[in-house]
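Trainee:
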Amino acid sequence: MGNKLFVLDLGEIRVDENFIIANSTFVTPQKPTVSSRLIDIPVSAYLIQCTDATVLYDTGCHPECMGTNGRWPAQSQLNAPYIGASECNLPERLRQLGLSPDDISTVVLSHLHNDHAGCVEYFGKSRLIAHEDEFATAVRYFATGDHSSPYIVKDIEAWLATPRNWDLVGRDERERELAPGVNLLNFGTGHASGMLGLAVRLEKQPGFLLVSDACYTATNYGPPARRAGVLHDTIGYDRTVSHIRQYAESRSLTVLFGHDREQFASLIKSTDGFYE
Numbered sequence: 001m002g003n004k005l006f007v008l009d010l011g012e013i014r015v016d017e018n019f020i021i022a023n024s025t026f027v028t029p030q031k032p033t034v035s036s037r038l039i040d041i042p043v044s045a046y047l048i049q050c051t052d053a054t055v056l057y058d059t060g061c062h063p064e065c066m067g068t069n070g071r072w073p074a075q076s077q078l079n080a081p082y083i084g085a086s087e088c089n090l091p092e093r094l095r096q097l098g099l100s101p102d103d104i105s106t107v108v109l110s111h112l113h114n115d116h117a118g119c120v121e122y123f124g125k126s127r128l129i130a131h132e133d134e135f136a137t138a139v140r141y142f143a144t145g146d147h148s149s150p151y152i153v154k155d156i157e158a159w160l161a162t163p164r165n166w167d168l169v170g171r172d173e174r175e176r177e178l179a180p181g182v183n184l185l186n187f188g189t190g191h192a193s194g195m196l197g198l199a200v201r202l203e204k205q206p207g208f209l210l211v212s213d214a215c216y217t218a219t220n221y222g223p224p225a226r227r228a229g230v231l232h233d234t235i236g237y238d239r240t241v242s243h244i245r246q247y248a249e250s251r252s253l254t255v256l257f258g259h260d261r262e263q264f265a266s267l268i269k270s271t272d273g274f275y276e
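Here full-length UniProt numbering is used: the first residue of the sequence shown is 1, the next is one more, and so on.
1. For residue 204, which three-state DSSP category applies?
2. Taking the alpha carbon of residue 251 as the point to measure from, which residue in 213, 19, 200 has its own alpha carbon closest?
3. I'd like the ranges of any alpha helix (DSSP H) spanning at least 4 consecutive residues and lying wholly in the segment 80-138.
4. For residue 34, is the classification buried or exposed, using 16 other Cβ atoms within 10 angstroms of its Cβ as the cut-off for buried?
5. Have a look at residue 154 and residue 126 and give me their C-alpha separation to the nearest angstrom.
6. Give the secondary structure of residue 257 by DSSP, where H, G and I count as helix, E and B as strand, and everything else as coil.
7. Sort 32, 80, 249, 54 by Cα distance to residue 43 and report the nearest one.
8. If you drop the 5 nearest sequence neighbours on each side, which residues of the same chain put their C-beta closer than 7 Å to that of residue 7?
9. Around the Cβ of residue 26, are there at least 16 other Cβ atoms within 10 angstroms (buried) or fewer (exposed)?
10. Looking at the secondary structure, which residues open and close the alpha helix (DSSP H) in which residue 159 lies?
11. Could you check where the beta strand (DSSP E) with residue 238 kicks off and where it finishes?
12. Using 10 angstroms around the beta-carbon of residue 98, count the other beta-carbons present and answer buried if the total reaches 16, otherwise exposed.
13. Since residue 232 and residue 189 are thought to touch, with beta carbons under 8 Å apart, how far apart are those beta carbons, to the nearest angstrom?
14. Among the residues of its own chain, which have a CB less than 8 Å from the CB of residue 169, if the five just before and after it don't count?
15. How long is the line joining the alpha carbons of residue 179 and residue 273, rounded to whole angstroms?
16. DSSP three-state label for residue 30, please.
17. Could you check how far apart the C-beta atoms of residue 100 and residue 94 are, in whole angstroms? I think they sit under 8 Å.
18. Beta-carbon separation of residue 209 and residue 247 under 8 Å?
19. The beta strand (DSSP E) spanning residue 179 covers which residue range?
20. Using the three-state DSSP reduction, which class does residue 227 fall into: helix, strand or coil?
21. Is residue 216 helix, strand or coil when you go by DSSP?
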């Protein structure tokens, strides 16, 4: 039995396009009144069913992220609000597939921002794989009570409230096999302090390279590559995009970007089927 990959639609976030493509709009003497543009970008996770493992890549936003008593700070809710019906939250998407969080053997967290690690607390029985530098960054924001970033203090508080099976990837570990045909990739610093990707081989097609926010969209990917508007390390970001291109092309893998509206709309969602 080969691997199956399910694409989970976890709603959308509404953002200024400049967050996604740096300098996508800007004023000039000839156009002094150009306005920014709001776009809705997909929030996603990916489930890989293997012979002896069930791997989840990312967890989306917490179901209670929005509202007066929401997990996210008020400014985060204003700047980049989450939009999604109840069926879009991760536990519900798993339930639709006949699964619960307890059925997931491994959760790979591309990074620990609010729209990728919001549901970590549901996975008390799973191995949680994160980059060691990314984990340290998230815990620092929690410990200092700093609400100014995409690392959500209330989410992190819930992760740390009970013991969990954290597996932290070191800076020097470049690649690791998680299951036959499923490889963890360490992209290092770039969009965030420590980014992880996942290469998934399939039987009926070459497979996919899941890169999350290491590269937001096909426009960022290029060529020529264009930087995102939200970056921790510009040099690391440029290096990562180049590495993604080399890795994917040498293995005939399709790159699945972190927030590409057009690409995501074209994918088969978990409610309609899967890739194998």
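Note that the Cβ used here is the ideal one computed from N, Cα and C, for glycine as well.
Mentor: Straight from the coordinates:
1. coil
2. 200
3. 90-96
4. exposed
5. 21 Å
6. strand
7. 80
8. 44, 46, 267, 268, 269, 270
9. exposed
10. 153-160
11. First-last for residue 238: 234-251, but that is the alpha helix (DSSP H), not the beta strand (DSSP E).
12. exposed
13. 6 Å
14. 129, 130, 131, 132, 176, 184, 186, 194, 196
15. 22 Å
16. coil
17. 6 Å
18. yes
19. 175-179
20. coil
21. coil
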